[in-house]
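S.K.: Let me give you the structure first, and then I'll get to my questions.
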Amino acid sequence: MTAAGGGTAVAVRDLRKSYGPVEAVRGISFDIGAGECFGLLGPNGAGKTTTVEVLEGLLPATAGEVEVLGRRWGEDDHEIRERLGVCLQQTVLPEKLEVGETVSLFRALYRDGRDPGEVVREVGLQEKTRARVGTLSGGQKQRLAVACALVGDPELLFLDEPTTGLDPQSRRQVWEIVNGFKKRGRTVVLTTHYMDEAERLCDRIAVVDHGRVIARGTPRELIRSLGGDHVIEIAVEEGGAGELRPEDLTDLPSVRSVLAEAGHVLLTVTEPHVAIAPLLERVAARGFSLANLATRHASLEDVFVSLTGRHLRDE
Amino acid sequence: MSDRARLRAFLALCLARFREGYREPEVLFWAFVFPVLLSGALAVAFRERAPEPSRALVLPGPGSDRVLAALLGAPLVRAEAAGEEEAARSLRMGRADVLISAPADPASPVEYRLDPSRPEAGIARARVDDALQRAAGRRDPVASREVALRDPGGRYVDFLVPGLIGMNLMSAGMWGVGYALVDMRIKKLLKRLLATPMRPADFMLALMANRVVSTFLEVGALLGFASLALGVPVRGALASVLAVALLGAMSFAGLGLAVACRARKIETVSGLMNLVMMPMFVGSGVFFSVERFPDSAQAVLRLLPLTALNDALRAVTLEGAGLLSQWPQLVVLAAWGTVSFALGLRLFRWS
C-alpha cells in the first residue's frame, strides 16, 4: 500500500540488533512506500529508536537487511545522507547559536537544499530568527530541530518521538509541519508512543513491542481488527457481588471482545446503542450496581491494550 | 560532493564553532582575561624590591648590649632584644631569621640559633656574623665591591609570561577540544551531525581551525599585555613565537581529542584532563624552572609537551633564539600531537 510517487523508500528484512546480551530488536521486517508516512508505534523501550537509528545509518545492524532509498549502508553512506532528514530523539542544538545561524549551518552541510529563511518561516520561527537557541521554549526547540532536518530538502524524513514532552499546541504545530512535508509527496518515518499522533499523521503503522512488530496496517485497519469501532468502559461499585468477570459479558449483542483492567471492564462493540441496554440489564441481574459507564471511539491505544494487555505509556 | 560545497560546509562548521566560543563568557574569561590578570598579579607580587633586611633577635644576657650596639647600623640587619620564650616563638613562626646569644666575655663564642633549612636563616647568620666580626676589628684581606645589574628579561615576570602562554595554550586546547567534544556527544549533537552528509574529517579540521584562530588571539592578547604593560621583551621573531605557539596549540588539541575520544560524561573527561594537565602545571616550568628538579626527573619532564612548549617559547621570546635551534622541543610537540591525534581519531565515537 504505497502512496504517490510509487517505489519503495525503505525495505527492512528481519532486522536484529543486540547490545551485548540484550536483544533490542528481534527480527523486524517492513516496507515503506515512497510518499508514505509510516509510523512505529510502541511503548518506551520497544526498540523503535534502535530501529530508526539503524535505518538512519547511525547504528550497525546485528543481522538482517536494510535498504534505504534503494541503497545500503556501508556502500553509499554519503549519498544516502544527502537525501535524508533526521530528527533525533532529544538533540540539544548549540545554545549559543541563533535560530537562523543553526538552520544555515545544517543547510551548508548538504550539497543541495532549501533556503534557510524559508524553512524557518515554514516551522513558524521567523520571529525568532535572531534569537539564541538557548532562549527557545521546548516546542520552539523541537520545531527548530525539525527545520534542521528539512533544510537539506530530504526525500525521506525520520522523526524520532517528535512531540514527546511538548504541550498540546506545540504538538499540533509539529504535526502541521509534518503534514506539509507529506503533501509535497515525501516519505516520513515516525516513531511515537502517542496513539493520537500515529492516528493523525500515519498512513500505515507497525505496532512494536519487545523488539517485534506485533501488528501492522493502516490506523483504520488496526482499529477494525478489534472487531468494533467503539469501546464501552464500565465500572461497578465495590463491595457488591465480587468482581465483574469479562466472561459474563462476551455473549451480549454487538460485543466483539471484553477486557478487564484496573477495576474497569472494556467492551469493544460494533454498535453501542445496541449493546448498552442489555449490558445494563446483565450488570443488574448479577447483583452489581454501576459506578461508571462511558462510550468512545476505539483508538490505537485499545489496539495495543488488546494485543498486549498493557498501555502504551506503561513503563 | 563538489569541492566548493565541501568548502562551504567546512567554513560553516568553523564559523559555528567560533561563534559558540566567543559567545561563551567563561571561554573569553579563561582565554583572555585570566592570563592577563594572573601575569599582572604575579608581576606585582614579584616586583623588584629593595632587599629585605635580616631579622635578628638578641637574647638577654651579659653580652647582649655589646651585640646590639655592634649590629646597630649594620647593612641589611634589623636587630632587637627579645626574651628567650618570645624569641623562640618568633623563630618558629618565621618572624625572626636568627637568634643571637652572646656571653659576657668577648673571647667566648657567640651562639647563633637558626633553622638551617630556611635560606633566609643562612643569609641572616652571614650578615650578622660579618657585622660582629667587623665591629670586633676584622680587616678583610681581599678588597671587593658590588655592581648592581638590571637586565630586562631576567626578572621573574619575564620568566613567567612565556610559561603562562604555554599553560594557557594547554588549557585552551584541552578544554576547547576535549570538553567541547564530550559536551557535544552528551547532547547528541555529534550523532546529529553524523546523520548529515558532513565529512567527519571536516568536522575535526574545523575544531582545529578554531584553535588556530584562537591561538593567535590568546597569544596576541597576553604577549601584547606583557610587552606593553610589563615590559617583557620579545627578542625573537614574532613569527617564530607564533609558530611555536601554533605547534603547541595543535599538540594540545590532539591531547584534548585523545582524552575525549570515548568519554560519555563530563566528569570522565574533566578527570582525564586534570590527570593530564596537573603534572604539567607543576613539572613543566610554568611558575618555576624545571631545573629545580633532580636531573633524572628533568630528563622525563623535558619529554612532556608543556615543558617543550615553555622551553621553546622562553628561548624564542627571552633569548631571541631562532626557530630551528628549538628543534628538539618542536619534535617533542609534534610527536605528542601526531600520536594523540591518530589515537583519538581511531578510537573516536560519535554517540
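Chains as they are written, first to last, in this note's numbering: chain A, 1 to 315; chain B, 1 to 351.
Note that beta-carbon positions come from the ideal geometry of N, C-alpha and C, so glycine has one too.
What you are looking at is a predicted structure, and each value in this text was computed from that prediction instead of being measured.
Looking at chain B, is there any beta carbon in it that lies within less than 7 Å of the beta carbon of residue 151 of chain A?
M.R.: no
S.K.: Starting from the beta carbon of residue 20 of chain B, find every residue of chain A whose beta carbon is closer than 8 Å, and list them in chain order.
M.R.: Within 8 Å Cβ-Cβ: 94, 96 and 97.
S.K.: How about residue 298 of chain A and residue 223 of chain A: do their beta carbons lie closer than 7 Å?
M.R.: yes
S.K.: How would you list, in chain order, the residues of chain B whose beta-carbon sits under 8 Å from the beta-carbon of residue 86 of chain A?
M.R.: Here the neighbours are 192, 195 and 196.
S.K.: Could you pull out every residue in the same chain whose Cβ sits closer than 7 Å to the Cβ of residue 53 of chain B, ignoring the five residues on either side in sequence?
M.R.: Taking C-beta separations shorter than 7 Å and ignoring five residues to either side along the sequence, the partners of residue 53 of chain B in its chain run 76, 77 and 78, following chain order.
S.K.: Return the residues of the segment 160-192 of chain B that lie within a Cβ-Cβ distance of less than 7 Å from chain A, sorted by chain order.
M.R.: 187, 188, 189, 191 and 192
S.K.: I need the straight-line Cα distance from residue 55 of chain B to residue 103 of chain B, nearest angstrom please.
M.R.: 20 Å
S.K.: What residue from B:247, B:159, B:256 and B:342 has the CA that sits closest to residue 285 of chain B's CA?
M.R.: B:159
S.K.: At the 7 Å Cβ level, is residue 262 of chain B part of the contact set with chain A, yes or no?
M.R.: No, its Cβ sits nowhere closer than 7 Å to a Cβ of chain A.
S.K.: Between residue 8 of chain B and chain A, is there a C-beta pair that is closer than 7 Å?
M.R.: yes
S.K.: Nearest to residue 163 of chain A by CA position, among A:108, A:151, A:156 and A:177, is which residue?
M.R.: If you compare the alpha carbons of A:108, A:151, A:156 and A:177 with that of residue 163 of chain A, the shortest gap goes to A:177.
S.K.: Is residue 14 of chain A helix, strand or coil when you go by DSSP?
M.R.: strand
S.K.: Per DSSP, residue 196 of chain A is paired with what?
M.R.: None; residue 196 of chain A has no bridge partner.
S.K.: If you draw a straight line from the alpha carbon of residue 228 of chain A to that of residue 110 of chain A, how long is it in whole angstroms?
M.R.: 48 Å
S.K.: Check residue 215 of chain A in the structure and name its three-state DSSP category.
M.R.: strand
S.K.: Would you please verify whether the beta carbon of residue 5 of chain B is less than 7 Å from any beta carbon of chain A?
M.R.: yes
S.K.: Please look up how many angstroms separate the CB atoms of residue 282 of chain A and residue 248 of chain A, rounded, as I've assumed it's under 8 Å.
M.R.: 7 Å
S.K.: Which bits of chain A does residue 23 of chain B rub up against, with CB to CB less than 7 Å?
M.R.: 96
S.K.: Does any residue of chain A have a CB that is nearer than 7 Å to the CB of residue 16 of chain B?
M.R.: It does: the Cβ of residue 16 of chain B has a partner Cβ on chain A nearer than 7 Å.
S.K.: What does a CB cutoff of less than 6 Å around residue 135 of chain B pick up in its chain, not counting 5 residues either side in sequence?
M.R.: 70
S.K.: Assess contact between the segment 135-143 of chain A and the segment 52-68 of chain A, defined as three or more Cβ pairs (one per stretch) separated by less than 8 Å. Is contact present?
M.R.: no
S.K.: Apart from the five residues on each side of it in sequence, which residues of its chain come closer than 8 Å, Cβ to Cβ, to residue 330 of chain B?
M.R.: 244, 247, 308, 312 and 323
S.K.: DSSP on residue 318 of chain A, reduced to helix/strand/coil?
M.R.: In the structure displayed, chain A extends from 1 to 315; residue 318 of chain A sits before or after that span and is not available.
S.K.: Can you tell which of A:263, A:172 and A:125 has its C-alpha closest to the C-alpha of residue 237 of chain A?
M.R.: A:263
S.K.: Helix, strand or coil for residue 158 of chain A per DSSP?
M.R.: strand
S.K.: Since I believe residue 147 of chain A is in contact with residue 188 of chain A (beta carbons under 8 Å), could you give me their beta-carbon distance rounded to a whole number of angstroms?
M.R.: Incorrect: roughly 15 Å between the Cβ atoms, too far for contact.
S.K.: For residue 39 of chain B and residue 115 of chain B, I'd like the C-alpha separation in whole angstroms.
M.R.: 33 Å
S.K.: Can the beta-carbon of residue 98 of chain A be found closer than 7 Å to that of residue 132 of chain A?
M.R.: One thing to note: residue 98 of chain A has its Cβ within 7 Å of the Cβ of residue 132 of chain A.
S.K.: For a quick check, are the C-beta atoms of residue 153 of chain B and residue 256 of chain B less than 7 Å apart?
M.R.: If you check the CB distance, residue 153 of chain B and residue 256 of chain B do not come in under 7 Å.
S.K.: Would you kindly report the start and end of the unbroken beta strand (DSSP E) that includes residue 78 of chain B?
M.R.: 77-81
S.K.: State buried or exposed for residue 194 of chain A, treating a residue as buried only when at least 16 other CB atoms are found within 10 Å of its CB.
M.R.: buried
S.K.: Closest to residue 326 of chain B by CA distance: which of B:214, B:98 and B:302 is it?
M.R.: B:302
S.K.: May I ask you to list, following chain order, the residues of the segment 331-351 of chain B that have a beta carbon less than 9 Å from some beta carbon of chain A?
M.R.: 350 and 351
S.K.: In angstroms with no decimal places, state the Cα-to-Cα distance between residue 145 of chain B and residue 27 of chain B.
M.R.: 53 Å
S.K.: Only counting the same chain, and skipping five residues up and downstream in sequence, which positions put a Cβ closer than 7 Å to that of residue 95 of chain A?
M.R.: So the list reads 132, 133 and 134, once near-sequence residues are dropped.
S.K.: Just confirm the distance between the C-beta atoms of residue 81 of chain B and residue 90 of chain B, as a whole number of angstroms; I'd bet it's less than 8 Å.
M.R.: About 12 Å; that fails the 8 Å criterion.
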